[in-house]
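Remarks on the structure that follows.
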Ligand SMILES: C[S@@+](CC[C@H](N)C(=O)[O-])C[C@H]1O[C@@H](n2cnc3c(N)ncnc32)[C@H](O)[C@@H]1O
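Residue numbers (my numbering): 3 to 228.
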């Protein structure tokens with residue numbers, strides 16, 4: 003979709019503002035929703051099992067800033083196949099794309115993907131990029147990726163096994179899943195599960211600043227042994 007058409011659709015639905023995320027090598031402009039709390043009622047949905055699905059995609063999370071910083075500083079991604087799950091506004095995937103990766107941005111929310119695509123276009127990083135609506139409980143493509151990115155997606159235990167299964171299915175041998183987590187005690191079990199399944203991980207600590215509010219984030223680089 004052309005950038006003007008994307009902008010028209012977003013402006014029609016949401017008040018917008020721009021965040022500039024300053025990384026060591028570059029700045030990234032991210033268009034976000036102004037005061038997403040005002041849309042909570044409109045955007046929340048009841049799932050088939052009666053659980054409430056909250057519109058977490060409409061917030062920019064500090065984990066994605068930490069993941070973008072990590073990718074900017076630590077990763078060489080030239081021509082690598084990269085998958086981002088739960089991409090929200092797309093910040094981490096955009097950092098990967100600007101580093102040379104060919105990124106598939108995925109989220110189960112259509113509007114998140116509109117923002118991710120708009121943000122990718124405004125940062126001129128659409129080379130090899132695709133935007134796919136996907137529930138991580140049922141991946142809708144084949145193939146493996148040398149990097150799988152995930153910022154703040156293991157906050158609920160029900161998501162651990164599906165995300166783990168997705169990593170097992172789609173991470174190439176020798177590849178890395180790079181997962182940013184804001185040190186929630188209730189996410190520890192996910193990383194224990196990964197270790198149990200034979201993955202090894204290296205941890206990097208970051209402080210991410212969002213609206214002058216600092217958060218500490220751990221970025222886990224998770225590898226599957228050959
Ligand atoms: C806490 S937000 C993080 C968004 C973004 N990664 C960030 O850090 O700013 C979680 C994201 O996961 C997406 N998500 C939640 N459940 C999902 C599922 N079952 N399949 C795919 N995406 C999902 C949400 O729509 C949301 O964009």
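All C-beta atoms in this analysis are idealised placements derived from N, C-alpha and C, irrespective of residue type, glycine included. Please read these numbers as outputs of a predicted model, since none were measured by experiment.
Note down, in chain order, each residue of its chain lying with its Cβ closer than 7 angstroms to the Cβ of residue 127, except the 5 sequence neighbours on either side. 96, 99 and 100
Anyone know if the C-beta pair for residue 157 and residue 189 falls short of 8 angstroms? yes
Would you say the beta carbon of residue 63 is closer than 7 angstroms to some non-hydrogen atom of ligand 1? yes
Could you give the DSSP three-state label for residue 81: helix, strand or coil? coil
Segment limits, alpha helix (DSSP H) that includes residue 13: 5-15
Which residues in the same chain as residue 136 place their Cβ atom closer than 6 angstroms to its Cβ, once the five residues preceding and following it in sequence are excluded? 108 and 142
Are the Cβ atoms of residue 63 and residue 90 separated by less than 8 angstroms? yes
I'd like the span of the alpha helix (DSSP H) that includes residue 40, first residue to last. No alpha helix (DSSP H) holds residue 40; DSSP gives it neither H nor E.
Can you check whether the CB of residue 23 is closer than 8 angstroms to the CB of residue 70? yes
Per the DSSP calculation, residue 224 is bridged to which residue(s)? Residue 224 is bridged to 179 and 203.
Under a three-way DSSP split, which group does residue 197 fall into? helix
Which runs of the beta strand (DSSP E) at least 3 residues long sit entirely within the segment 64-127? Give them in chain order. 83-87 and 104-109
Short Cβ contact (8 angstroms threshold) for residue 180 with residue 151: Taking 8 angstroms as the Cβ cut-off, residue 180 and residue 151 qualify as a contacting pair.
Does DSSP put residue 184 in a helix, a strand or coil? Coil.
Looking at residue 89 and ligand 3, is the gap between the Cβ and the nearest heavy atom below 7 angstroms? In the structure on display, ligand 3 does not appear, and the ligands it does have are ligand 1.
8 angstroms CB neighbourhood of residue 41 in its chain, flanking five on each side removed: So the list reads 16, 35, 57 and 60, once near-sequence residues are dropped.
What I want to know is whether the C-beta of residue 208 ends up closer than 7 angstroms to one or more non-hydrogen atoms of ligand 1. no
Close beta carbons around residue 114, own chain, < 6 angstroms, minus the five adjacent residues each side: 59 and 90
Bridge partners of residue 133, per DSSP? 107.
For residue 195 versus residue 166, is the C-beta distance shorter than 8 angstroms? yes
Could you pull the DSSP bridge partners for residue 48 from this structure? 54
Once you ignore the five residues that flank residue 81 on each side, which residues in its own chain have a CB closer than 7 angstroms to its CB? 102 and 104
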